[in-house]
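Numbering (our numbering), first residue to last: 194 to 421.
Notes follow once the structure below has been shown.
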């Protein structure tokens, strides 16, 4: 393997933990906090939820960078160059996520700044806030593409290494390729088919399953002649 055994197992635990943290936070945020927070006509009533939602997103993207670092350490002995490329994509995902969150936070500056309320009408401020949200949403489409490419490369490395069962890796490959297709479709097509979003639904369950597998079962570190 080329890795110290105990250190390698620690990297696997880091990876499983980071996977679980960011996917659970993302699901928790979408279901509990992000619902209704873009109702700018009643922003005072949802401001706390809005702030909490953006805070959770920041923590989530910290976990994404943590996961990308751990995944690189786990897969670099399979093919260091591929692992490095995948790391750059997933690290870029985390950075772009921070930028998208900052743009969304601009809504607070627009709606809660007393100077703006004396210059612009409420309707104008709500429109400006909506523009920031739409820009941030477009960045999430690009983020899906970057994430999907990086994660697909990582899944390929897991596939050739036989670290985890093939069925789990194939599930991951389907998940991340679907993200790439969905991200591009939202950019290229005027009205992206709703059916494409359904292909991403199993993705959350994959990442929970993958994270639990790494924490509970670990990976098979036996040398494999299929390493590239």
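For glycine and all other residues, C-beta sits at the position ideal for the given N, C-alpha and C.
In this text the structure is predicted, and so the values were computed from the model without any measurement.
- Going by beta carbons, residue 298 and residue 236 fall outside the 8 Å limit.
- In terms of Cα proximity to residue 202, the closest of 290, 356, 329 is 356.
- Per DSSP, residue 382 is not a residue of any alpha helix (DSSP H), being assigned neither H nor E.
- Within the same chain, and ignoring the five residues on either side of residue 326 in sequence, the residues whose Cβ sits closer than 7 Å to its Cβ are 231, 297, 300.
- No Cβ-Cβ contact shorter than 8 Å links residue 208 with residue 276.
- If you draw a straight line from the Cα of residue 248 to the Cα of residue 285, it is about 19 Å long.
- Within 10 angstroms of the beta-carbon of residue 302 lie fewer than 16 other beta-carbons, which makes it exposed.
- For residue 321, the enclosing alpha helix (DSSP H) has its first and last residue at 315–354.
- By the beta-carbon neighbour count (other beta carbons within 10 angstroms, threshold 16), residue 329 is buried.
- Comparing alpha-carbon positions, the option among 336, 239, 399, 324 lying closest to residue 361 turns out to be 399.
- In the DSSP assignment, residue 411 falls outside any alpha helix (DSSP H) and carries neither an H nor an E.
- Under the criterion of beta carbons closer than 8 Å, residue 292 and residue 332 qualify as touching, at roughly 7 Å.
- The C-alpha of residue 241 is placed about 25 Å away from the C-alpha of residue 312.
- Residue 233 sits away from residue 378, with the two beta carbons spaced by 8 Å or more.
- With respect to residue 373, residue 342 sits close: the two C-beta atoms are nearer than 8 Å.
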